[in-house]
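Residue numbers for the sequence shown follow the numbering used here, beginning at 9 and rising by one. Ideal placement from N, C-alpha and C gives every residue a C-beta, glycine not left out.
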Amino acid sequence: MKKTKIFWYLLDSIFLIVFNLYFFLLKGIEQPASVWISYASIHLAYFMLLITPSFVRKGSVSADYGRPLFVITTSYFFLALIVGVVFIALSPESITVALLVQVTIAAIFAILLLTNLIANEHTADNIERHEVELKYVKESSSKLDSLLKQISDNAIRKKIEKAYDLIHSSQVKSSNNVKSIEQDVISEIDNLEKALQKNNFENIQMIVDKICNLANERNRQLKLLN
């Protein structure tokens with residue numbers, strides 16, 4: 009186990025150790041049910057705060073997903089702690105008020121947490137879908153741009169520039185119907201790179217024409233779907 013994790017575990021345990029030390033030394037074990045309800049609620053809130061990182065959706069904007077979740081769980085913890093300490097200090101014999109207050113706080117927390125988690129999942133799915141769709145234009149354009157920098161022949165350069173401009177200006181939003189065409193374009197660009205390495209000019213022109221035809225067909229099909 010890494011030292012950093014050990015340090016984090018120790019840091020997380022400080023509150024539990026100090027709180028329980030104060031509780032049992034000042035209040036003892038013989039307490040009414042209302043006190044134990046508050047005691048359990050405080051521990052539940054702290055546990056939810058500790059496991060907040062596990063709720064964060066992994067992705068390119070994980071920090072944006074995690075920030076509101078930490079605000080919610082931190083607020084829940086401090087509210088449950090303050091209310092719980094008040095009930096522990098008062099030690100009412102009836103559990104009704106303590107139970108209703110803690111359940112209400114927990115319910116509000118659960119609603120806020122779940123709505124944020126649902127929103128995060130929806131946003132993350134949209135971002136991942138956009139990144140996948142962007143891959144065709146970005147990857148293909150990047151490869152063609154890299155090849156252009158290696159070419160000195162003006163005729164070949166102009167043909168590849170035409171393919172680059174066509175793909176670079178293509179619609180980013182994609183569809184499952186054109187995924188095979190997009191993959192064919194990427195494969196043909198790989199073939200173009202190999203042909204350039206062998207100086208096979210006849211094959212180069214044929215491959216560039218095929219790339220342009222595929223790119224145009226992809227764009228045509230997307231227009232029909234819109």
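DSSP-derived helix/strand/coil call for residue i
i	result
K202	helix
V105	helix
S99	coil
Q110	helix
K66	coil
P40	coil
K35	coil
I90	helix
K10	coil
I59	coil
Per-residue burial, residue i [other beta carbons within 10 Å of its own, 16 or more giving buried]
i	result
L57	buried
I226	Checking the sequence shown, residue 226 turns out to be Arg, not Ile. Per the 10 Å Cβ criterion, buried.
S81	The amino acid occupying residue 81 in the given sequence is Thr; Ser does not appear at that position. Buried, since its Cβ has 16 or more Cβ neighbours within 10 Å.
F247	Residue 247 falls outside the range modelled here, since the chain spans only 9 to 234, and no answer is possible.
G36	exposed
K167	buried
S178	buried
F15	exposed
A276	The displayed coordinates of the chain run from 9 to 234. Any statement about residue 276 would go beyond what the structure contains.
I219	buried
Q110	buried
E196	buried
E38	exposed
S160	exposed
Straight-line Cα distance separating residue j from residue i
i	j	result
I119	K13	31 Å
K188	P76	Before going further, note that residue 188 is Ser rather than Lys in the sequence given. One C-alpha to the other measures close to 39 Å.
I135	S83	28 Å
L230	H176	15 Å
K143	I116	41 Å
K11	S70	24 Å
Y54	F27	11 Å
L34	N128	43 Å
L222	Q158	23 Å
N184	V140	11 Å
I22	S148	53 Å
T131	L89	32 Å
R65	L156	39 Å
E201	G74	43 Å
F95	A48	12 Å
I212	D173	17 Å
N199	D192	10 Å
F31	I59	24 Å
R228	R137	21 Å
D72	L122	16 Å
P61	L52	16 Å
I25	V79	24 Å
Y17	I50	19 Å
is_contact[residue i, chain C] using C-beta, thresh 8 Å
i	result
Q179	Of the protein chains in this structure there is only one, and it is not chain C.
Taking only runs that begin and end inside the stretch 159-234, name each unbroken alpha helix (DSSP H) of 4 or more residues, in chain order. 162-176, 187-205, 209-233
Curious, which full-length beta strand (DSSP E) runs of at least 3 residues does the stretch 114-166 contain? Secondary structure remark: continuous beta strand (DSSP E) runs of at least 3 residues inside the stretch 114-166: none found.
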